[in-house]
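J.: Mind looking over this structure? Questions follow.
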Amino acid sequence: MDATPAIELRGLGRRHGERWALDDVSVSVPAGATLVVFGPNGAGKSTLLRVLATLLRPHAGDATVLGEALPAREWAVRGKVGLLAHEALLYRDLTARENLRFHARLHRIAQARVEELLERMQLAGRADDPVRTLSKGLLQRVAVCRAVLHDPPLLLLDEPRANLDPAAAELIEPLIGRGSGRTRVVTSHDPAGGLAEADLALGLRDGRVALSARSGEVDAAAVEELYR
Amino acid sequence: MSGPATPRDAGPLTGGAAGHDGAAVAAAGAAAPRPHADRRPMRPAVALLRKDLLLERRSPEAIPAMLLFSVTTFVLFHFGLGRDTVSGQLAAGVLTVTILFAAILGINRLFVSEQEEGGFDGVLLAPIDRTALFVAKAAALFSFLALVEVATVAAFALLLLGPSPWPALPGLILILALLDGALALVGTLVSALAIRTRARDLIVPIVALPLLVPALIAAARGAAPLLAAGGAGSIPTKWLAMLALYDLVFGLLAYAVFDFLLED
Chain A
14 MDATPAIELR GLGRRHGERW ALDDVSVSVP AGATLVVFGP NGAGKSTLLR
64 VLATLLRPHA GDATVLGEAL PAREWAVRGK VGLLAHEALL YRDLTARENL
114 RFHARLHRIA QARVEELLER MQLAGRADDP VRTLSKGLLQ RVAVCRAVLH
164 DPPLLLLDEP RANLDPAAAE LIEPLIGRGS GRTRVVTSHD PAGGLAEADL
214 ALGLRDGRVA LSARSGEVDA AAVEELYR
Chain B
827 MSGPATPRDA GPLTGGAAGH DGAAVAAAGA AAPRPHADRR PMRPAVALLR
877 KDLLLERRSP EAIPAMLLFS VTTFVLFHFG LGRDTVSGQL AAGVLTVTIL
927 FAAILGINRL FVSEQEEGGF DGVLLAPIDR TALFVAKAAA LFSFLALVEV
977 ATVAAFALLL LGPSPWPALP GLILILALLD GALALVGTLV SALAIRTRAR
1027 DLIVPIVALP LLVPALIAAA RGAAPLLAAG GAGSIPTKWL AMLALYDLVF
1077 GLLAYAVFDF LLED
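Chains A and B, in that order, are what the protein sequence lines are.
If you're matching positions, the first sequence starts at 14 in the numbering used here and goes up one per residue.
If you're matching positions, the second sequence starts at 827 in the numbering used here and goes up one per residue.
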């Protein structure tokens, strides 16, 4: 694990209207580490991922991602981030192959990479079906392909194993799991499972940091407190 | 069992709270130059345009809606005006106003597929100059309008137009192409402005129609001599030049501001 921070947040704030969805959030994530973010619904987990992905601008504090200050140099971060959100970020009327080829063109990636990922995700048989006809699990697999298509050094994963059966979860592990070697920010509602893959744990409640620790310094019971 | 830690603990995750400093963030964003990861917008623009055309071909929405609206409007004008045929300024007005209102339907739908289908964020995450998105959307709208007008002008000639359309056709194509340019440029800007608002369907006509008044005047005045009862006259170059100037001004304006419209 590289000691250089891949993510450095100091007093980060982000409003939705008058409400602070993120308020005074500070965290430092070394390159190659996994930060798991816990918190009940509405705690600000997805907002944090969208800020890190440059889809939302911070309204307060300092944010540095992959050595680039946000929002001033957000353009330099785009293309280096893979976002797996609640929505698949795919066009429903296009096939899986068409969606991935479209993103490959935007990222200037060789089309062979699309075929390689479809094979690895065991999607070749359904690659020419519109994604609206795919089950949630298959859709999530296509979304994983999209997120890692350009081999990003930073992965932002919003409950990445939602809708996946155990076999599919195992299938995506080499691409987005700890073994991928990428810096990862993962949201989770599973205290034990989340801590098992975390180097660092961050708990949010009402947009504020309610817990921050190395994974070995916190247990599942402390995380469960966030949800009470 | 470990108790919850707080950011004030200066634990391993925190770099110290900096507090809210919105002004500093805003200043950083405003002062920095706005370069892009890829300054060649044409290649991604082509990819985006191909995707939009493919989506419209696979599940047609904008084109059938604009076409049906146009033909229905001609029928309504037919009965509303109580006339079998129109010519001159009246014909030019009926044609251009109908195209303008039909275009509003297409403008309303322009970014909807991005939002509803969830692909928009994926595009925004790509390392592309966002001008590419503007170019692609404007080109898509221009293409849709051009396709619709092939049928619309034919329907207009059959249902309402008195004089033969054939002598007027070359001049009419030129004027409609310039009008489509105006509709595509302004429409893409307004659609991008409206897409993040809840009142999208209201904002598009309220903002776009006043902006398009000069283009409508120029197109209607330019087309009037072409559709005159006594046979097609020559195109007034003054109105053509005004339409071309309008397109140029809004093209430059769009290039300058489109990036900002996409910011949250």
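Glycine residues also receive a C-beta, built at the ideal position from the N, C-alpha and C atoms.
1) List the DSSP bridge partners of B:Ser-913.
2) Closest to A:Val-127 by C-alpha separation, out of A:Pro-165, A:Tyr-240, A:Val-236 and A:Val-155, would be which residue?
3) Determine the DSSP secondary structure at A:Ser-139, reduced to helix, strand or coil.
4) Report the three-state DSSP secondary structure of A:Thr-200 (helix, strand or coil).
5) Once the 5 residues before and after B:Ser-1017 are set aside, which same chain residues still bring their CB inside 6 Å of it?
6) At what residues does the beta strand (DSSP E) containing A:Trp-33 begin and finish?
7) Apart from the five residues just before and just after A:Ala-82, which ones in its own chain have a Cβ nearer than 8 Å to its Cβ?
8) On the three-state DSSP scale, how would you describe A:Arg-221?
9) In whole angstroms, what is the alpha-carbon distance linking B:Lys-963 and B:Leu-874?
10) Identify, in the order they occur along the chain, each residue of the same chain with its Cβ nearer than 6 Å to the Cβ of B:Arg-860, setting aside the five sequence neighbours on each side.
11) Which residues of the stretch 97 to 109 of chain A have a Cβ closer than 9 Å to any Cβ of chain B? Give them in chain order.
12) Mapping the DSSP letters down to three states, classify A:Glu-100 as helix, strand or coil.
13) Any beta carbon of chain A sitting closer than 7 Å to that of B:Leu-881?
14) Go to B:Ala-964, then tell me how far its alpha helix (DSSP H) extends in each direction, as first and last residue.
15) For A:Ala-44 and A:Leu-119, what's the separation of their Cα atoms in angstroms?
16) If you reduce the DSSP assignment to three classes, tell me which class A:Leu-169 lands in.
17) Assuming B:Thr-922 and B:Ala-1046 are in contact, meaning their beta carbons sit under 8 Å apart, how far apart are those beta carbons, in whole angstroms?
18) Could you name the residues of the stretch 32 to 46 of chain A whose beta carbon sits closer than 9 Å to any beta carbon of chain B, in the order they occur along the chain?
19) Short of 7 Å Cβ to Cβ, which residues in the stretch 122 to 156 of chain A face chain B?
20) From A:His-29 to A:Gly-55, what distance separates their C-alpha atoms?
21) With contact counted as at least three CB pairs below 8 Å, one residue from each stretch, are the stretch 178 to 187 of chain A and the stretch 200 to 218 of chain A in contact?
22) Distance cutoff 7 Å, beta carbons only. Does A:Leu-92 sit that close to anything in chain B?
23) If you compare alpha carbons, which of B:Leu-987, B:Leu-880, B:Pro-886 and B:Leu-1038 is closest to B:Val-1075?
24) Just confirm the distance between the C-beta atoms of B:Leu-1087 and B:Leu-1019, as a whole number of angstroms; I'd bet it's less than 8 Å.
25) Is the separation between the beta-carbon of B:Ser-1129 and that of B:Leu-1053 shorter than 7 Å?
26) With distances taken between CB atoms, is the gap from B:Ala-1050 to B:Ala-965 smaller than 7 Å?
27) Can you tell me where the alpha helix (DSSP H) with B:Ala-1044 in it begins and where it stops?
28) If contacts are defined as beta-carbon pairs under 8 Å, then A:Leu-168 and A:Leu-151 qualify, I think. What distance do you get, rounded to the angstrom?
29) Bridge partners for A:Ala-73 per DSSP, in chain order?
30) What's the gap between the Cα of A:Arg-227 and the Cα of A:Ala-214?
31) Let me confirm a value: A:Ile-20 is counted as buried when at least 16 other C-beta atoms fall within 10 Å, else exposed. Which label applies?
T.: Looking at the atomic coordinates:
1) By one-based count along the second sequence, residue 913 of chain B stands at place 87. BP columns for B:Ser-913 are empty, so no partner.
2) The residue given as residue 127 of chain A occupies position 114 in the first sequence. Answer by Cα proximity: A:Val-155.
3) Taking the first sequence and counting its residues from 1, one reaches residue 139 of chain A at position 126. First, the amino acid is wrong: residue 139 of chain A is Arg here, not Ser. Looking at A:Arg-139 - three-state DSSP - the assignment turns out to be helix.
4) Here residue 200 of chain A corresponds to residue number 187 of the first sequence, with the count starting at 1. It is a strand residue.
5) The count along the second sequence starts at 1 and reaches residue 1017 of chain B at position 191. Ile-933, Leu-936 and Phe-937.
6) Here residue 33 of chain A corresponds to residue number 20 of the first sequence, with the count starting at 1. Start and end: 32 to 43.
7) The count along the first sequence starts at 1 and reaches residue 82 of chain A at position 69. Asp-75 and Ala-76, listed in sequence order.
8) Numbered from 1 along the first sequence, position 208 holds the residue referred to as residue 221 of chain A. Strand at A:Arg-221.
9) Your numbering for residue 963 of chain B matches position 137 in the second sequence. Your numbering for residue 874 of chain B matches position 48 in the second sequence. When rounded, the distance between both Cα atoms is 8 Å.
10) As a working note, residue 860 of chain B is residue 34 in the second sequence. Residue placement at B:Arg-860 is flagged as unreliable, the pLDDT there being 39, under the threshold of 50; the coordinate-derived value follows with that caveat. Only residues of its own chain outside the window of five on either side were considered, and among them none has a CB closer than 6 Å to the CB of B:Arg-860.
11) Contact residues of the stretch 97 to 109 of chain A toward chain B are Ala-98, Glu-100, Ala-101, Leu-102, Leu-103, Tyr-104, Arg-105, Asp-106 and Leu-107 (C-beta to C-beta distance below 9 Å).
12) Numbered from its first residue, the first sequence carries residue 100 of chain A at position 87. In the three-state reduction of the DSSP assignment, A:Glu-100 falls in the coil class.
13) What you label residue 881 of chain B is simply residue 55 of the second sequence in a count that begins at 1. Interface residue, yes.
14) Along the second sequence, read from residue 1 onward, the residue named residue 964 of chain B stands at position 138. 957 to 985 is the extent of the alpha helix (DSSP H) around B:Ala-964.
15) Locating residue 44 of chain A in the first sequence gives position 31, where the first residue counts as 1. Locating residue 119 of chain A in the first sequence gives position 106, where the first residue counts as 1. Those two C-alpha atoms are separated by around 26 Å.
16) What you label residue 169 of chain A is simply residue 156 of the first sequence in a count that begins at 1. Correct three-state label for A:Leu-169: strand.
17) Numbered from its first residue, the second sequence carries residue 922 of chain B at position 96. Numbered from its first residue, the second sequence carries residue 1046 of chain B at position 220. Correct: roughly 5 Å between the Cβ atoms.
18) Of all residues in the stretch 32 to 46 of chain A, only Trp-33, Asp-36, Asp-37, Val-38, Ser-39, Val-40, Ser-41 and Val-42 place a beta-carbon less than 9 Å from a beta-carbon of chain B.
19) Contacts with chain B (Cβ-Cβ distance below 7 Å) from the stretch 122 to 156 of chain A involve no residue at all.
20) The residue labelled residue 29 of chain A in the question sits at position 16 within the first sequence. The residue labelled residue 55 of chain A in the question sits at position 42 within the first sequence. Spanning the two alpha carbons is a distance of roughly 12 Å.
21) Contact fails: fewer than three Cβ-Cβ distances are below 8 Å.
22) Along the first sequence, read from residue 1 onward, the residue named residue 92 of chain A stands at position 79. The identity of residue 92 of chain A in the sequence shown is Gly, whereas the question assumes Leu. Interface annotation, A:Gly-92: in contact with chain B, CB-CB separation under 7 Å.
23) Residue numbering aside, residue 1075 of chain B sits at position 249 when the second sequence is read from its first letter. Considering only B:Leu-987, B:Leu-880, B:Pro-886 and B:Leu-1038, the residue with the shortest C-alpha distance to B:Val-1075 is B:Leu-1038.
24) As a position in the second sequence, residue 1087 of chain B is number 261, starting the count at 1. As a position in the second sequence, residue 1019 of chain B is number 193, starting the count at 1. Confirmed, Cβ separation roughly 5 Å.
25) Residue 1129 of chain B falls outside the range modelled here, since chain B spans only 827 to 1090, and no answer is possible.
26) Reading the second sequence from its first residue, position 224 is the one you call residue 1050 of chain B. Reading the second sequence from its first residue, position 139 is the one you call residue 965 of chain B. Not a contact, by the Cβ cut-off of 7 Å.
27) Here the question's residue 1044 of chain B lines up with position 218 in the second sequence. Taken as a continuous stretch (DSSP letters only), the alpha helix (DSSP H) holding B:Ala-1044 covers 1026 to 1049.
28) Stepping through the first sequence from its first residue, residue 168 of chain A is reached at position 155. Stepping through the first sequence from its first residue, residue 151 of chain A is reached at position 138. At roughly 20 Å, the Cβ-Cβ gap does not stay under 8 Å, so A:Leu-168 and A:Leu-151 are not in contact.
29) In the first sequence, the residue the question calls residue 73 of chain A occupies position 60. Its beta-bridge partners are A:Gly-26.
30) Position 214 of the first sequence holds residue 227 of chain A. Position 201 of the first sequence holds residue 214 of chain A. About 6 Å.
31) Here residue 20 of chain A corresponds to residue number 7 of the first sequence, with the count starting at 1. Note on A:Ile-20: 16 or more other CB atoms within 10 angstroms of its CB, so buried under the neighbour-count rule.
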